[in-house]
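Engineer: Residue 105 in full-length UniProt numbering sits at position 105 of the sequence shown; the count goes up by one each step and never skips.
Heads up, the beta-carbon is just placed ideally off N, CA and C, and yes, glycines get one too.
Predicted model only: the values in this text are computed from it and were never measured.
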Amino acid sequence: SGHQTNQGGCGHSEIEDDLRIVLLGKTGVGKSATGNTILGRVAFKAETCQESVTKECRRESSDINGRHVTVIDTPGLFDTELSNEEIQREISNCISMILPGPHVFIIVLNLGQRFTQEEATTVKIIQETFGEHSLVFTIVLFTRGDYLKDKTLDQCLGKPGSSLMNFIEACGNRCHVFNNNNQTGDRTQVSDLLEKIDNMMEREKQ
């Protein structure tokens, strides 16, 4: 183990061939739409209302830029009356679908919505389920990129020290924005996300 399959110095390693992404977040934040944007097709049924469409984990894959990407859409865990233990069990069930790791956790938040206490506990739940180290594989992704208009993400996130900013900091200050209205057209936002994920994983291997 520990070997790398570097071909002719083009920088490709084994982690780049197969990527497993777990989407976490409340119903209604655009989690399923985010999965569809990443995969470039309508793989997951969109959540149009607070009634959670995703009752159990769904797994879909696509080949993106020559690599195999699997996306797991988890149930709307944070909008139910589930205890943390039940949420952990549900996430563990999801993960068993895509062993072995590493897995990238994408916490989906809606740029226009208030950040809630339930969402704030996501970090703790990920750590308790997968260990302290798991947060190094976590990215916060904001949907509703159209909401930014001509502002930057930083201008929209509010003041340092707020619960949202503390949350982002706990996730290594890794953020990304999607506009899910453009799921199949412009693929730059997806390429940028995959590049962020690769950089994150490369750093961890060093």
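(1) Looking at His108: is its Cβ nearer than 8 Å to the Cβ of Ile21?
(2) Based on the DSSP secondary-structure assignment, which residues constitute the bridge partners of Ser92?
(3) What does the Cβ neighbour count give for Glu119, buried or exposed, with the cut at 16 atoms within 10 Å?
(4) If distances are taken between C-alpha atoms only, which option among Glu56, Asn65, His176, Thr27 comes closest to Gly40?
(5) Compute the Euclidean distance between the alpha carbons of Ala43 and Thr34, then round it to the nearest angstrom.
(6) Where do the ends of the beta strand (DSSP E) carrying residue 208 lie?
(7) What number of angstroms, rounded off, separates the C-alpha of Phe137 from the C-alpha of Leu193?
(8) With distance defined between alpha-carbon atoms, name the residue in His176, Thr74, Gly172 nearest to Cys57.
(9) Based on the DSSP secondary-structure assignment, which residues constitute the bridge partners of Cys175?
(10) According to the neighbour-count rule (16 or more other Cβ atoms, all chains shown, within 10 Å of its Cβ), is His3 buried or exposed?
(11) Which first and last residues belong to the alpha helix (DSSP H) in which Arg203 is found?
(12) Quick check: the Cα distance between Arg114 and Cys156, rounded to an integer number of angstroms?
(13) Once DSSP output is grouped into helix, strand and coil, what is the label at Asn84?
(14) Do you know offhand how far Asn199's Cα is from Asp18's?
(15) Measure the CB-CB distance between Val69 and Ile38 and report whether it falls below 8 Å.
Structural biologist: In brief:
(1) Your numbering for residue 108 matches position 108 in the sequence shown. Your numbering for residue 21 matches position 21 in the sequence shown. Inspection of the sequence shows that residue 108 is occupied by Val rather than by His. Going by C-beta atoms, Val108 is not nearer than 8 Å to Ile21.
(2) Here residue 92 corresponds to residue number 92 of the sequence shown, with the count starting at 1. Looking at the DSSP assignment, Ser92 forms no beta bridge with any residue, so it has no partner.
(3) By one-based count along the sequence shown, residue 119 stands at place 119. By the 10 Å Cβ count, Glu119 comes out buried.
(4) By one-based count along the sequence shown, residue 40 stands at place 40. Out of Glu56, Asn65, His176, Thr27, Asn65 has the C-alpha closest to the C-alpha of Gly40.
(5) Here the question's residue 43 lines up with position 43 in the sequence shown. Here the question's residue 34 lines up with position 34 in the sequence shown. Answer to the nearest angstrom: the Cα atoms are 10 Å apart.
(6) The displayed coordinates of the chain run from 1 to 206. Any statement about residue 208 would go beyond what the structure contains.
(7) Locating residue 137 in the sequence shown gives position 137, counting from the first residue. Locating residue 193 in the sequence shown gives position 193, counting from the first residue. For Phe137 and Leu193, the distance between alpha carbons rounds to 13 Å.
(8) What you label residue 57 is simply residue 57 of the sequence shown in a count that begins at 1. Comparing Cα positions, the closest option is Thr74.
(9) Taking the first residue of the sequence shown as 1, we reach residue 175 at position 175. Looking at the DSSP assignment, Cys175 forms a beta bridge with Val140.
(10) Counting from 1 along the sequence shown, the entry for residue 3 is found at position 3. Any reading at His3 must be qualified, since the residue scores a pLDDT of 43, below 50, and its modelled position is unreliable; no value is offered.
(11) Indexing the sequence shown from 1 puts residue 203 at position 203. Arg203 -> alpha helix (DSSP H) spans 188-205.
(12) Here the question's residue 114 lines up with position 114 in the sequence shown. Here the question's residue 156 lines up with position 156 in the sequence shown. Cα to Cα, the separation comes out at about 12 Å.
(13) Here the question's residue 84 lines up with position 84 in the sequence shown. Helix, per DSSP.
(14) The residue labelled residue 199 in the question sits at position 199 within the sequence shown. The residue labelled residue 18 in the question sits at position 18 within the sequence shown. Near 15 Å, if we compare the C-alpha coordinates of Asp18 and Asn199.
(15) Sequence index remark: in the sequence shown, residue 69 carries index 69 (1-based). Sequence index remark: in the sequence shown, residue 38 carries index 38 (1-based). Yes; because the gap between Cβ atoms is below 8 Å, this pair is in contact.
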